[in-house]
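K.L.:
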Amino acid sequence: MPNDRADSSSYASQNPEASEASGASDSSPSSSSSSPSSPSSASAALPALFAEESRVRAFAAVALGAGDAAEVARAAGLSAKETAGALRRLREQGVVTSGDDGGLVVAHDRFRELARVGRTASEAPRDAAAVGDQGPGDMIVRTFVRNGRLVRLPARWTRKKVVLRHIAEQTFAPGVEYPERTVDEKLRAWCEDGEVDHVTLRRHLVDFGHLRRSDGIYVRPADSARTGTA
């Protein structure tokens with residue numbers, strides 16, 4: 005990937021469109037460039053954004069280290085006009101921004117934000133359909149487990165038992181042996197962005213009888229409804 009910025013100024017002087025795109029980061033907040041759209045609308049707009057080949061190539065160039073319009077054009081094989089248009093749209097959607105040194109960078113935080121919105125949206129219809137025709141146990145689970153993540157463990161023992169049983173049933177097949185490393189990997193997914201770490205969750209699953217431990221191997225009993233000792 006070319007990374008020579010020595011001739012960027014001469015490139016920009018010969019290609020005013022690219023100069024405009026490269027200097028967009030220096031514009032004041034009151035400039036005419038659009039601010040990134042809301043996460044929900046941006047998530048829906050992503051397929052259309054990357055349906056245009058020039059934007060895909062420009063984005064790939066930035067991801068691989070192209071720091072300005074001149075470098076993007078050379079790396080992506082685009083004209084100055086194509087580069088300016090592609091970078092403008094990528095900036096409008098917030099997926100490309102300016103780094104600390106003023107160069108172009110991928111907005112990784114933006115993608116994480118869009119992923120969270122998409123995950124919530126995909127879970128919403130299922131949760132909405134479940135409301136009204138599920139038992140008390142399901143209501144407890146929906147209170148403490150959201151979008152496949154454990155928000156926190158209930159303080160009350162009976163509710164904690166319900167939540168832990170749900171996690172065990174969704175994570176481990178009965179009678180299958182799991183090494184501790186695998187158990188930890190599976191439980192980390194439940195604990196992401198939550199108040200409980202995977203070690204604490206693993207200990208509770210053992211204490212409540214939803215997992216049995218022997219010589220570093222864990223097995224979910226066929227009858228994991230038993231409570232064990234808390």
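Position one of the sequence shown corresponds to residue 5 (the working numbering), numbered consecutively onward. We treat Cβ as the ideally placed atom computed from N, Cα and C, and that holds for glycine.
Taking only the alpha-carbon atoms, compute the straight-line gap between Ala25 and Leu215 and give it to the nearest angstrom.
P.N.:
Reliability of the predicted coordinates at Ala25 is poor, the pLDDT of 46 falling under 50, and the value obtained from them is presented with this limitation in mind. In a straight line, the C-alpha of Ala25 is about 57 Å away from that of Leu215.
K.L.:
Look at the alpha carbon of Glu96 and the alpha carbon of Asp188, and state the distance between them as a whole number of angstroms.
P.N.:
If you take the alpha carbons of Glu96 and Asp188, they lie about 40 Å apart.
K.L.:
Within the continuous alpha helix (DSSP H) that includes Glu196, where are the two ends?
P.N.:
Run containing Glu196: none; DSSP gives neither H nor E here.
K.L.:
Please classify Val180 as buried or exposed, where buried requires at least 16 other C-beta atoms within 10 Å of its C-beta.
P.N.:
The residue is exposed, with fewer than 16 neighbouring Cβ atoms inside 10 Å.
K.L.:
For Val76 versus Leu53, is the C-beta distance shorter than 8 Å?
P.N.:
Going by C-beta atoms, Val76 is not nearer than 8 Å to Leu53.
K.L.:
Using the rule of at least 16 other Cβ atoms within 10 Å of the residue's Cβ for burial, across every protein chain shown, is Arg224 buried or exposed?
P.N.:
Per the 10 Å Cβ criterion, buried.
K.L.:
Between the alpha carbons of Thr3 and Ala73, how many angstroms are there, rounded?
P.N.:
The structure shown does not extend to residue 3, since the chain is modelled only from 5 through 234, so no value can be given for it.
K.L.:
Hey, which unbroken runs of the alpha helix (DSSP H) at 4 residues or more fall wholly within the region 50-120?
P.N.:
Correct list: 57-67, 73-80, 84-96.
K.L.:
Going by C-alpha distance, which of Ala67, Ala64, Ala172, Glu196 is nearest Tyr222?
P.N.:
Residue Ala172 is the option with its Cα nearest to Tyr222.
K.L.:
Are the beta-carbon atoms of Leu68 and Ala84 separated by less than 8 Å?
P.N.:
No, they are not a contact pair.
K.L.:
Would you mind stating whether Arg156 and Asp197 have Cβ atoms separated by less than 8 Å?
P.N.:
Not closer than 8 Å, so no.
K.L.:
Count the other CB atoms within 10 Å of the CB of Arg247; is the residue buried (16 or more) or exposed (fewer)?
P.N.:
As displayed, the chain neither begins before 5 nor continues past 234, which places residue 247 out of reach and without an answer.
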